[in-house]
Structures are given as structure tokens and as C-alpha cells.
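Enquirer: Would you mind keeping the following structure in view while I ask a few things?
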């Protein structure tokens, strides 16, 4: 089984996520007690993707986080460097489209109004790419976002600069990432969960060592203020954040200077 270390060598990280692709979304839900779904809804609201915009969802994995942006009418690119994750995402997208087209045909046969879900999700495309060398031209996106993936990049500052490169002037950045509860009692409970609870949940994974890495990378990740400084140092402006679930995770937002 592949286990990445905290030096986050790209090949090791990609192989680790390839090994967890089929169960990744389920295990995230188990690992967070279902909070990951609420956090992703907060991302959708905070980003505010609009029809006609182009959105980059980096470290999108299977594309679960990307679908709502496409459904909102934005041309959405789900980018990840784990080919295993992307394959699962493409397969699921095809299944969604087939189900939607089946419903459309059934409704049309009954002289009803065809649903629009299939067309909207077709605004979603999957692209393999490295966060430090994104395969996109400068100023390509109205908004760029990354959820629970920034801490897996070997060079955080480099990834933030690369996201800024592909964002249009005035473009929006939104990061959803694990963080650290500011309350000392909650922080202790959170660390205990990561050290002892998470390894128990990982036993249902096809690659339990990967979840040991996820726990270690979470514990080593900078707190909210430190991440905000990194974002600002990468050239973004109007940097702000708000905690989710008492600081277990946090949303950071910023803008690319015009």
C-alpha cells in the first residue's frame, strides 16, 4: 500500500489517492461525521459561481465538489493529478448523464417538461494537472477554488501563486481546508480524534495508511492566521477567513488584484 510522507512527493501523493479513489467520498463523510457535506455547501455559497463564468476546482478528486458549480451554470474544470480519482469522476459523470437522459426521455414521452440536470452537468470537464504547473493559460478563470487539497501540495506558496496566475484580474479565490479549533478544549478533542479515532475509521479503507497521512498532515497544517499570511504573500488581496464547525475547518477567501 502507498503512503505519502509529509515531504509530499507528488508521485507518492498521487499514488496514495489513486488507491483510495473508489471509497474516498464515503470515507470523508465517515471521517468528518458528515460535516464534509455541510462544508462543501458552504463553499458553493461562498464562491457564488454564476452562469457564464469559468471556474477552476483544483484538487477536485472525483469531482463531487465541482458538480454544484456546473449546476449553477458555470463552465467548470475539475483538475487533479490523481488519475485514479479522475477516472472515478468521469465514470460517475457519465452515469449521472445517462440517468438524466433517461428521465428526459421518459418525461418527453409523457409530454411533460424535460429536466435540465443533464445539460448543466455537461458544463463539467475533468483535466489532469499538477497544482504547481497548471495546464492553463494566464487569466483563464473568474474563480479558483481548492477544498481539502492545498495541504497535500509540496509547495503551498507555489500553488497559491499558480492559482493567482490562472485567475483573471479581479478573480476570486476560495480555499476550504482543515484547520485548528481556537478553543483549547476543542483543540485537544480534535487532536485526539486525529491521532486515535481516524486510524480506526481507516480500517474500512483499501489503503488505511493514506488516512494516517491525512491525520498527520492535518496536525502539521498552519492555523487560520498563518494560512492567511501565506495567501497574502502570494499576491492575493482582501484576504479573510471564517471558521467552520468551531475551527475544525476554515474558509479563506481572497481576490486577485485588478
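Numbering (UniProt numbering), first residue to last: 1 to 258. For every residue, glycine included, the Cβ atom is placed at its ideal position computed from N, Cα and C.
(1) Over what stretch of residues does the alpha helix (DSSP H) that includes residue 171 continue unbroken?
(2) By alpha-carbon positions, which one of 243, 94 and 41 ends up nearest to residue 182?
(3) Could you say which of 171, 94, 152 and 161 lies nearest to residue 60 if we only look at CA atoms?
(4) What span of residues does the alpha helix (DSSP H) with residue 39 cover, start to end?
(5) State the Cα-Cα distance for the pair residue 257 and residue 55, rounded to the nearest angstrom.
(6) What's the gap between the Cα of residue 224 and the Cα of residue 240?
(7) Assign residue 159 to one of three DSSP states: helix, strand, or coil.
(8) Give me the Cα-Cα distance between residue 178 and residue 43, rounded to the nearest whole angstrom.
(9) The ligand NAD and residue 92: does any heavy atom of the ligand fall closer than 7 Å to the residue's C-beta?
(10) Under a three-way DSSP split, which group does residue 143 fall into?
(11) DSSP on residue 248, reduced to helix/strand/coil?
(12) Which first and last residues belong to the beta strand (DSSP E) in which residue 188 is found?
(13) With a Cβ-Cβ cutoff of 8 Å, do residue 137 and residue 162 count as a contact?
(14) Under 8 Å, Cβ to Cβ, is there at least one residue of chain C near residue 188?
(15) Suppose the cutoff is 7 Å on Cβ atoms and the five residues either side in sequence are ignored; what does the same chain contact list for residue 234 look like?
(16) Determine the DSSP secondary structure at residue 82, reduced to helix, strand or coil.
(17) Alpha carbon to alpha carbon, how far is residue 254 from residue 231? Give it in angstroms, no decimals.
(18) Let me know the secondary structure DSSP gives residue 120 once reduced to three states.
(19) Could you tell me whether the Cβ atoms of residue 74 and residue 51 are closer together than 8 Å?
Expert: For this structure:
(1) No alpha helix (DSSP H) holds residue 171; the beta strand (DSSP E) holding it covers 167-178.
(2) 243
(3) 152
(4) 35-47
(5) 17 Å
(6) 9 Å
(7) helix
(8) 13 Å
(9) As far as ligands go, the structure on display features none, and thus does not contain the ligand NAD.
(10) strand
(11) coil
(12) Looking at the DSSP string, residue 188 is not in any beta strand (DSSP E); the run it does join, the alpha helix (DSSP H), is 184-192.
(13) no
(14) No chain C appears in the structure shown, which is made up of a single protein chain.
(15) 157, 160, 161 and 164
(16) coil
(17) 8 Å
(18) Confidence in residue 120 is poor, its pLDDT being 41 and thus under 50, which makes the residue's placement unreliable; the coordinate value appears in the next sentence. Helix.
(19) yes
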